[in-house]
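Let me begin by presenting the structure, written as structure tokens, before commenting on it.
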Amino acid sequence: MRFASIVGARPQFVKVALVSKILRQQHEELIIHTGQHYDYALSTQFFNELAIPEPDYYLGCGSASHAVQTARMLIALEEVLTKERIDWVIVYGDTNSTLAAALVAAKLHIPIAHIEAGLRSFNRAMPEEINRIVTDHLASRLFCPTETARQQANREGLFQGVEFVGDVMYDMLLQMQSKLDDRINLLLPELHIASQKYVLTTVHRAVNTDDSTATNAIAQALNKIEMPVIFPMHPRTRACLQSYNIQLKKHIQVIEPVGYLDMLALQRAAYRIITDSGGIQKEAFLQGVPCVTLRDETEWMETVQLGWNVLVGTQWQRILEALARPAPQPARQNPFGQGDAAIRIVQSWQR
Ligand code: UD1
């Protein structure tokens, strides 16, 4: 069969790296990069590091308002998918690239497989929530990373093609295990930090960067932390801090966005993680690092229920209180599958 995997943003590159490798053992695959992420640190770095095949199409859609960005993708994707003979379109997660790909494929009557289906934050003010709902309801195969996600899809009337397979990010993390210690030993001295003696933070969600009150409160909390803070900074966050004229204190080391292995290494050795990223909340749990999430809701409720994640929104007092809580008991269950999600996804086309 001939697949088109459509990706555009950083976390999608990590997921396609693994699925594509397995898919290509039996099928033909085109990779289409919408260009939603275009900076080296957010895009090419991942293709190089994870040895992802060069995209067959790079659409260069870039940054813009949601409407303009999505519209550019719709036009460009329709052109490609009309020209190529494609049996299935594979989309990942919940970005504008996911939404655009799903819309185009559905209108061209190409079946859609959605990897990371069934997740909900139940907050429709998040662009990602809209993207997920629409994509799930257009997809013919919904590969759910957790049992909760599968049940949610069922609650929305989706049954056919819905399957709990586990999370491909967990598969990926397992594959990187053997490299992590060496990477930690190299990276920490470079950054002049010691294992368990720093906090890792990332902030990039629109809700936290486009509202100066939220950004200020987060910065205030970070400024009060009494240990080094490592802050790989998304370009939009850098721009927002500058435009709001927010100063970060010296114990906060702002660095460029890091690659996948470095991010896992920084997570693993951190004392605590503060983030608004979905993927990092999950990785923190899987790596046994307590996480403080700068949101009021999460798609990964299991991490909260098992005690490894606290949702704090953006009040600086709550951020610091959550940071100070003791580490929870090791989790006895892993809701993210067996580490074979990518294999199970590809096998679903053999049945
Ligand atoms: C997108 C996803 C988000 C995901 C994230 C992963 C949507 C609505 N959001 O958010 O769900 O968690 O990717 O990282 O799809 N920018 C650059 N360089 C780039 C790309 C973006 O500087 O290579 C800046 C631009 O100022 C741009 C802003 O970041 O306007 C936001 O870009 P956007 O495409 O909305 O994506 P993310 O915020 O990264």
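For the sequence shown, our numbering gives the first residue as -8, with consecutive numbering after it. Note that the Cβ used here is the ideal one computed from N, Cα and C, for glycine as well. Because the structure is a prediction, the values reported are computed rather than measured.
8 Å Cβ cutoff, residue 79 in contact with chain B: Absent here is chain B; the protein component of the structure consists of one chain.
Per DSSP, cross-strand counterpart(s) of residue 132: 104
Residue 59, buried or exposed, once every other Cβ within 10 Å from all chains shown has been counted against 16: exposed
Outcome for residue 109 when other beta-carbon atoms lying within 10 angstroms are tallied against a minimum of 16: buried
Contact test: residue 119 Cβ vs the ligand UD1 heavy atom, cutoff 7 Å: yes
Nearest neighbour of residue 238, chosen from 337, 195, 212, 189 [CA to CA]: 212
C-beta atoms of residue 190 and residue 209 nearer than 8 Å: no
Residue 315 versus 263, 271, 139, residue with shortest Cα-Cα distance: 263
Bridge-paired residues (DSSP) for residue 263: 190
Environment of residue 201 [buried if 16+ CB atoms lie within 10 Å]: exposed
Among -2, 4, 161, the one whose alpha carbon lies nearest that of residue 92: -2
Contacts around residue 13, its chain only, beta-carbon distance under 7 Å, and the 5 residues preceding and following it disregarded: 333, 334, 337
C-alpha distance - residue 356 paired with residue 272, whole-angstrom precision: One cannot answer for residue 356 here, as it falls past the ends of the chain, which runs -8 to 342.
Contact test: residue 76 Cβ vs the ligand UD1 heavy atom, cutoff 7 Å: no
Limits of the alpha helix (DSSP H) - the one that residue 227 falls within: 226 to 234
Collapsed DSSP secondary structure at residue 79 in the structure displayed: strand
Residue 19, enclosing beta strand (DSSP E) - first and last residue: 19 to 24
Beta bridge counterpart(s) of residue 244 as assigned by DSSP: 221
DSSP-derived helix/strand/coil call for residue 161: helix
Helix, strand or coil at residue 154 according to DSSP, with G and I counted as helix: strand
Per DSSP, cross-strand counterpart(s) of residue -4: 22, 81
Residue closest to residue 140, alpha-carbon to alpha-carbon, out of 84, 102, 88, 164: 84
The segment 110 to 118 contacting the segment 279 to 293, beta-carbon criterion three pairs below 8 Å: yes
Cβ neighbour criterion (16 or more within 10 Å) applied to residue 317: exposed
Rounded straight-line distance, which links the Cα of residue 199 to that of residue 28: 19 Å
Straight-line gap, residue 229 to residue 304 (C-alpha atoms, nearest Å): 20 Å
Separation of residue 134 from residue 73, as counted between CA atoms: 25 Å
Buried versus exposed call for residue 267 [16 or more other C-beta atoms within 10 Å across all chains shown]: buried
According to DSSP, residues forming a beta bridge with residue 49: 24
Opposing strand residues paired with residue 302 [DSSP bridges]: 284
Straight-line gap, residue 99 to residue 339 (C-alpha atoms, nearest Å): 23 Å
Pairwise C-alpha distance: residue 256 and residue 172: 7 Å
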